[in-house]
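Chains as they are written, first to last, in this note's numbering: chain A, 1 to 132; chain B, 1 to 132.
Only one structure is covered here, and it is reproduced in the block below.
2 protein chains.
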Amino acid sequence: MINVINRCFTDIYFQLHPVQNDAISHQSVRILQLVHKKKYIMIRDIAEYLLISHNTASEHVKKLVSSGWLYKERSEEDQRKVYLHLTQSGLSVLKKNTELDEEKLQNALNKLSDEEKMQIVRAFQLLSEVSK
Amino acid sequence: MINVINRCFTDIYFQLHPVQNDAISHQSVRILQLVHKKKYIMIRDIAEYLLISHNTASEHVKKLVSSGWLYKERSEEDQRKVYLHLTQSGLSVLKKNTELDEEKLQNALNKLSDEEKMQIVRAFQLLSEVSK
DNA sequence: ACGATTATATCGCATTATACGATATAACGA
DNA sequence: TCGTTATATCGTATAATGCGATATAATCGT
Numbered sequence: 001m002i003n004v005i006n007r008c009f010t011d012i013y014f015q016l017h018p019v020q021n022d023a024i025s026h027q028s029v030r031i032l033q034l035v036h037k038k039k040y041i042m043i044r045d046i047a048e049y050l051l052i053s054h055n056t057a058s059e060h061v062k063k064l065v066s067s068g069w070l071y072k073e074r075s076e077e078d079q080r081k082v083y084l085h086l087t088q089s090g091l092s093v094l095k096k097n098t099e100l101d102e103e104k105l106q107n108a109l110n111k112l113s114d115e116e117k118m119q120i121v122r123a124f125q126l127l128s129e130v131s132k
Numbered sequence: 001m002i003n004v005i006n007r008c009f010t011d012i013y014f015q016l017h018p019v020q021n022d023a024i025s026h027q028s029v030r031i032l033q034l035v036h037k038k039k040y041i042m043i044r045d046i047a048e049y050l051l052i053s054h055n056t057a058s059e060h061v062k063k064l065v066s067s068g069w070l071y072k073e074r075s076e077e078d079q080r081k082v083y084l085h086l087t088q089s090g091l092s093v094l095k096k097n098t099e100l101d102e103e104k105l106q107n108a109l110n111k112l113s114d115e116e117k118m119q120i121v122r123a124f125q126l127l128s129e130v131s132k
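Here you go:
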């Protein structure tokens, strides 16, 4: 069962992911992903998740800010802390690099009945829920 | 509906993907992926898919062969052609970099009933099928 | 037969990505 | 005040990425 899900999962991503011409590095995508999924994330958290030193994480973030994909917010309570957030542009880049292509996904879904579409949505919601 | 599926899809991958300490580059993963999903793939095909020049693709493949993740097979009919295949080691590296972690996925599924598990498997098979 | 094409490979070179140690600054905590 | 925490910057090193130029061998078209 695990293997079937994994084969389908990778097949779906392989077939439906957007064609990306964007020049974006692997670590940049991982950082945008972290910022998107985690609330109140800081530089040191990114270093921890990515298993890199804090200064390297700081350099990465600097680049992402200057690219216009992230912005910083100083904490009110503790002025040392810097919370990171995605810009609209950053969200758009992240989507192109982690989500399924909307048009390709729509084309795939159109081959199914309404009942089948709903089954797929429910299944994704279910697995997403128990993954947390 | 598209947005719900995409949010769930990225959540599932974010929560369940393996923690990877392997030192492997982005392009290397993409090439292993291509070789895995496509039959009789050649250097020039990889260049085409990855939108890079054939000589760069050749260099990448050389590195992957020397890492023991790919091996080459000369075509019988046309001796110019070199088909690429994954080694066992290459397949293992690819899985760690694209699939969901077996243990994490199992833990998530264990929170569900047998009926719900089957619904998820059917939904993934369904979407995988219409994605081709 | 032979020039054109195809597929791969290699070399030289340039740029970007990735990372860390050392060091600095500012803010917080006891 | 002194130690700790969070971020930032500089210098430096190595790996990753990529392309043009060039080479070799096989195949194709006429």
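Where a beta carbon is used, it is the ideal one built from N, C-alpha and C, also for glycine.
On a predicted model such as this, the values are computed, not experimentally measured, just so you know.
**Report entry** Nonlocal neighbours in the same chain, by C-beta distance under 8 Å from residue 178 of chain B, ignoring five residues either side
**Finding:** No information on residue 178 of chain B is available, as it lies outside the stretch 1 to 132 that chain B covers here.
Report task. Return yes when the Cβ of residue 131 of chain B is within less than 8 Å of the Cβ of residue 108 of chain A, no when it is not. Result -> Going by C-beta atoms, residue 108 of chain A is nearer than 8 Å to residue 131 of chain B.
**Report entry** Buried versus exposed call for residue 60 of chain B [16 or more other C-beta atoms within 10 Å across all chains shown]
**Finding:** So residue 60 of chain B ends up on the buried side.
Query raised in the report: Can you name the start and end residues of the alpha helix (DSSP H) that residue 74 of chain A belongs to?
Result: No alpha helix (DSSP H) contains residue 74 of chain A, which is instead part of the beta strand (DSSP E) from 70-74.
**Report entry** Opposing strand residues paired with residue 83 of chain B [DSSP bridges]
**Finding:** In the DSSP output, where bridge partners are listed per residue, residue 83 of chain B has B:73.
Query raised in the report: In whole angstroms, what separates the C-alpha of residue 51 of chain B from that of residue 115 of chain B?
Result: When rounded, the distance between both Cα atoms is 44 Å.
Report task. For residue 123 of chain A, decide whether its Cβ has a neighbour in chain B, counting only Cβ atoms nearer than 8 Å. Result -> At least one chain B Cβ lies under 8 Å of residue 123 of chain A.
Query raised in the report: Taking 8 Å as the CB-CB cut-off, is residue 37 of chain B touching chain A?
Result: Using beta-carbon distances, residue 37 of chain B counts as an interface residue toward chain A, with a partner under 8 Å.
Query raised in the report: By how many angstroms is the C-alpha of residue 84 of chain B removed from the C-alpha of residue 90 of chain B?
Result: Counting only the Cα atoms, residue 84 of chain B lies some 12 Å from residue 90 of chain B.
Query raised in the report: Going along chain A in order, which residues have a C-beta closer than 9 Å to the C-beta of residue 16 of chain B?
Result: Neighbours of residue 16 of chain B on chain A, chain order: 127 and 131.
Query raised in the report: Going straight from the alpha carbon of residue 31 of chain A to that of residue 72 of chain B, what length do you get?
Result: Distance from the CA atom of residue 31 of chain A to the CA atom of residue 72 of chain B, rounded to whole angstroms, is 35 Å.
Query raised in the report: Given a threshold of 16 other Cβ atoms within 10 Å of its Cβ, counted over all protein chains shown, does residue 101 of chain B qualify as buried or as exposed?
Result: Taking all protein chains in view, the Cβ of residue 101 of chain B is crowded by 16 or more other Cβ atoms within 10 Å, so the residue is classified as buried.
Query raised in the report: Between residue 100 of chain A and chain B, is there a C-beta pair that is closer than 8 Å?
Result: Under the 8 Å criterion on CB atoms, residue 100 of chain A is classed as interfacial with respect to chain B.
Query raised in the report: What are the complete alpha helix (DSSP H) segments, minimum 4 residues, inside the region 6-34 of chain A?
Result: Here no run is fully enclosed.
Query - residue 106 of chain A to residue 112 of chain A span [Cα, whole Å] - result: Those two C-alpha atoms are separated by around 10 Å.
Query - Proximal residues of chain A, C-beta to C-beta of residue 56 of chain B below 7 Å - result: Near residue 56 of chain B there are no residues of chain A at all, since even the closest Cβ is about 15 Å away, more than 7 Å.
Requested in this report: Answer yes or no: does any C-beta atom of chain A fall closer than 8 Å to that of residue 48 of chain B?
Outcome: Among the residues facing chain A, residue 48 of chain B is not included, as its CB has no counterpart in that chain under 8 Å away.
Query raised in the report: Taking the Cβ atom as the reference point for each residue, do residue 124 of chain A and residue 9 of chain B lie within a distance shorter than 8 Å?
Result: Cβ distance < 8 Å, so residue 124 of chain A and residue 9 of chain B count as in contact.
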